[in-house]
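Asks:
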Amino acid sequence: MKEVSIVNLNKDFESRVRLGIMSILMVNEWVTFNEIKQMLDLSDGNLASHTMALENKRYIEVRKAFVGKKPETSYRVTKDGKKAFEKHIEALASLIEQKE
Amino acid sequence: MNKYENDLTHIRQMMEKSSTFISLSGLSGVGAGLCALVGCAATFWVLSRHGIDYFDGMPNYYSYAVLRQLSVVATLTFISAVVVSYFFTAKKAKAAGLSMWHTSAKNTMTALAIPLVVGGIFCIIITYHHLFYLVAPCMLIFYGLALVNASKYTHRDLFWLGIFELLLGLLAAFFVGYGLIFWGIGFGILHIIYGIIMYKKYQ
Numbered sequence: 047m048k049e050v051s052i053v054n055l056n057k058d059f060e061s062r063v064r065l066g067i068m069s070i071l072m073v074n075e076w077v078t079f080n081e082i083k084q085m086l087d088l089s090d091g092n093l094a095s096h097t098m099a100l101e102n103k104r105y106i107e108v109r110k111a112f113v114g115k116k117p118e119t120s121y122r123v124t125k126d127g128k129k130a131f132e133k134h135i136e137a138l139a140s141l142i143e144q145k146e
Numbered sequence: 020m021n022k023y024e025n026d027l028t029h030i031r032q033m034m035e036k037s038s039t040f041i042s043l044s045g046l047s048g049v050g051a052g053l054c055a056l057v058g059c060a061a062t063f064w065v066l067s068r069h070g071i072d073y074f075d076g077m078p079n080y081y082s083y084a085v086l087r088q089l090s091v092v093a094t095l096t097f098i099s100a101v102v103v104s105y106f107f108t109a110k111k112a113k114a115a116g117l118s119m120w121h122t123s124a125k126n127t128m129t130a131l132a133i134p135l136v137v138g139g140i141f142c143i144i145i146t147y148h149h150l151f152y153l154v155a156p157c158m159l160i161f162y163g164l165a166l167v168n169a170s171k172y173t174h175r176d177l178f179w180l181g182i183f184e185l186l187l188g189l190l191a192a193f194f195v196g197y198g199l200i201f202w203g204i205g206f207g208i209l210h211i212i213y214g215i216i217m218y219k220k221y222q
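Quick mapping for you: the protein sequence lines, in order, are chains A and B. FYI, the numbering for the first sequence is 47 to 146, going by the numbering used here. FYI, the numbering for the second sequence is 20 to 222, going by the numbering used here.
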C-alpha cells in the first residue's frame with residue numbers, strides 16, 4: 047500500500063472556504079469578491095482573511111477596479127494555484143481509492 | 020476518511036454551481052434550432068412564391084421585393100431564436116437561484132458579441148454588393164468563431180459546436196448554391212442536437 051498520498055495533500059487548502067474559493071476560480075476567470083461571498087455564503091471578514099492567505103501564497107491574484115464610484119475587487123487563479131489545486135484534488139482522489 | 024470524500028464533493032459542487040448555470044440551457048439550443056428550421060422553410064416559401072427555384076443553378080439576382088421579404092423572414096427568425104433562448108436560459112438561471120449571472124455571463128456575451136457583430140455587418144455589406152451566395156457561409160463561419168471564442172467561459176462542448184459550424188461554413192463556401200441547406204444544418208439541426216446533448220448532460 048502506498049503511503050505517499052497524505053503528504054501530497056496541501057495544507058493551504060485544508061479549510062472549506064479555501065476549497066470553495068479555489069473551486070470557483072478554477073472554472074471562472076475574474077470573479078468579484080461579492081460574487082464569491084454570495085456563492086459561499088460568508089461574511090466580508092471571513093472571506094477576506096482567506097483570500098489574503100491564498101494571495102500571499104500566490105495561488106490567486108487580485109485586481110482592483112472602479113465600477114462607477116465603487117471599488118470592485120476581483121480574483122483569478124494563478125498558474126501555480128491551478129497546479130497546486132489540481133495536485134490537491136488528485137491526492138484526495140487517491141486517498142479515497144486507497145480506502146476502498 | 021469521509022472528510023476526503025466530502026472535500027471532493029464540495030469541490031465538484033462549487034465548480035458546477037459557479038459555472039454551469041451561466042451557460043445556455045439545452046432547451047435554448049433546441050428552441051433556437053427549431054426557429055432556424057422554420058426560417059429556412061419560410062425562405063423557400065418566399066422564393067417559390069416568386070417562382071424562384073433555389074437549386075436551378077441560376078445566379079441569384081433577386082428583386083427588391085424578394086429581398087425585402089427575405090429580410091423580414093431573417094429578422095423574425097433572429098428575434099424569435101433570441102427570445103426563445105433567452106427564455107429558457109433565464110428560467111434555468113432563476114432555478115439555480117443565483118445572481119452571479121453577471122461576471123461569467125458578461126464575459127461569455129462579450130466573447131460572443133464581437134465576432135457576431137462584425138459578422139453581421141460583414142454579411143450586410145456582402146448583401147449590399149449582391150454576393151448573396153456568400154451570406155450563408157459567412158454567417159456560419161463568423162458564428163463558429165464566436166462560439167469557439169466564447170467556449171473559454173462556459174462548457175467546453177461549445178467549442179465543438181463552434182468547430183462544426185466552421186467546417187460547415189467552409190463547405191458552404193465551396194459548394195456555392197446550397198447555402199440555405201448548409202445554413203439549415205448549421206443553425207437548425209446542429210443546434211437541436213447540441214441542445215439535446217446539453218440537456219441530457221447537465222439538466
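Beta carbons: idealized from backbone N, C-alpha and C, even for Gly. None of the values given here were measured: they were computed from a predicted structure.
Residues of chain A with CB under 7 angstroms from ASP26/B, in chain order?
Replies: Per Cβ cutoff of 7 angstroms: LEU65 and LEU138.
Asks: Are ILE70/A and SER90/B close, meaning C-beta to C-beta below 8 angstroms?
Replies: No, the Cβ-Cβ distance between ILE70/A and SER90/B is not below 8 angstroms.
Asks: Can you give the Cα-Cα distance for ILE200/B and VAL92/B, rounded to whole angstroms?
Replies: Whole-angstrom Cα-Cα distance: 16 angstroms.
Asks: Counting contacts by CB-CB distance shorter than 8 angstroms, is MET217/B in contact with chain A?
Replies: Closer than 8 angstroms: no.
Asks: For a contact defined as C-beta to C-beta under 7 angstroms, what are the partners of MET34/B on chain A?
Replies: SER69, MET72 and VAL73, listed in chain order.
Asks: Please state whether the Cβ-Cβ distance between ARG104/A and TRP76/A is less than 8 angstroms.
Replies: No, these two residues do not count as a Cβ contact at 8 angstroms.
Asks: Looking at the secondary structure, which residues open and close the beta strand (DSSP E) in which GLU184/B lies?
Replies: It is not in any beta strand (DSSP E) - GLU184/B instead sits in the alpha helix (DSSP H) that spans 176-193.
Asks: Between which residues of its own chain and ALA130/A is the CB-CB distance below 7 angstroms, once the five residues before and five after are set aside?
Replies: These residues qualify, in order along the chain: ASN56 and TYR105.
Asks: Where does SER120/A land, buried or exposed, given buried means 16+ other C-beta within 10 angstroms?
Replies: That one is buried.
Asks: Going by the CB atoms, is the gap between PHE178/B and LEU209/B shorter than 8 angstroms?
Replies: In this structure, PHE178/B does not lie closer than 8 angstroms to LEU209/B by Cβ.
Asks: Taking C-beta to C-beta, are GLN88/B and VAL65/B nearer than 8 angstroms?
Replies: A contact, by the Cβ cut-off of 8 angstroms.
Asks: From this set, TYR152/B, GLY45/B and TYR73/B, which residue's C-alpha is nearest SER104/B's C-alpha?
Replies: SER104/B has its Cα closest to that of GLY45/B, out of TYR152/B, GLY45/B and TYR73/B.
Asks: Given PHE107/B, which residues of its chain have a CB within under 7 angstroms of its CB, disregarding the five upstream and five downstream residues?
Replies: Taken in chain order, the residues that qualify are SER44, LEU46, SER47 and GLY50.
Asks: Which of the three DSSP states, helix, strand or coil, is assigned to ARG122/A?
Replies: Strand at ARG122/A.
Asks: For the candidate residues SER89/A, ASP58/A and THR78/A, whose alpha-carbon lies nearest to that of PHE112/A?
Replies: The shortest Cα separation from PHE112/A among SER89/A, ASP58/A and THR78/A belongs to THR78/A.
Asks: By the 10 Å Cβ neighbour count, where 16 or more other Cβ atoms means buried, how is LYS111/B classified, buried or exposed?
Replies: The residue is buried, with at least 16 neighbouring Cβ atoms inside 10 Å.
Asks: Which chain A residues sit within Cβ distance under 8 angstroms of HIS29/B?
Replies: Under the 8 angstroms cutoff, chain A gives ARG62, LEU65, GLY66 and SER69.
Asks: Answer yes or no: does any C-beta atom of chain A fall closer than 8 angstroms to that of ASN126/B?
Replies: True, the Cβ-Cβ gap to chain A drops below 8 angstroms.
Asks: Where do the ends of the alpha helix (DSSP H) carrying GLU107/A lie?
Replies: Here GLU107/A belongs to no alpha helix (DSSP H); instead the beta strand (DSSP E) covers 106-113.
Asks: If we cut at 8 angstroms on Cβ distances, does ILE142/A have a partner in chain B?
Replies: Judged by the 8 angstroms Cβ criterion, ILE142/A is in contact with chain B.
Asks: Can you tell me which of TYR81/B, LEU166/B, ALA109/B and LEU95/B puts its alpha carbon nearest to the alpha carbon of ALA61/B?
Replies: Taking only the C-alpha atoms, the option nearest ALA61/B is LEU95/B.
Asks: Specify the secondary structure class of THR96/B as computed by DSSP and reduced to three states.
Replies: Helix, per DSSP.
Asks: Just the Cα atoms here: how many angstroms apart are PHE40/B and LYS220/B?
Replies: Below a pLDDT of 50, predicted positions are generally treated as unreliable, and PHE40/B, at 48, falls in that range; the measurement from the model is reported next regardless. Looking at the two C-alpha atoms, the distance is approximately 13 angstroms.
Asks: Of the residues ILE204/B, LEU131/B and ILE212/B, which one's Cα is nearest the Cα of GLY58/B?
Replies: Ranking ILE204/B, LEU131/B and ILE212/B by Cα distance to GLY58/B puts ILE204/B first.
Asks: Compare the beta carbon distance of TYR162/B and LEU135/B with 8 angstroms and say whether it is the shorter of the two.
Replies: Cβ distance < 8 angstroms, so TYR162/B and LEU135/B count as in contact.
Asks: Kindly identify the DSSP beta-bridge partner or partners of VAL85/B.
Replies: VAL85/B is not bridged to any residue.
Asks: Compare the C-beta of ILE30/A with all C-beta atoms of chain B and state if any pair is closer than 8 angstroms.
Replies: Here chain A has residues from 47 to 146 only, and residue 30/A is not among them.
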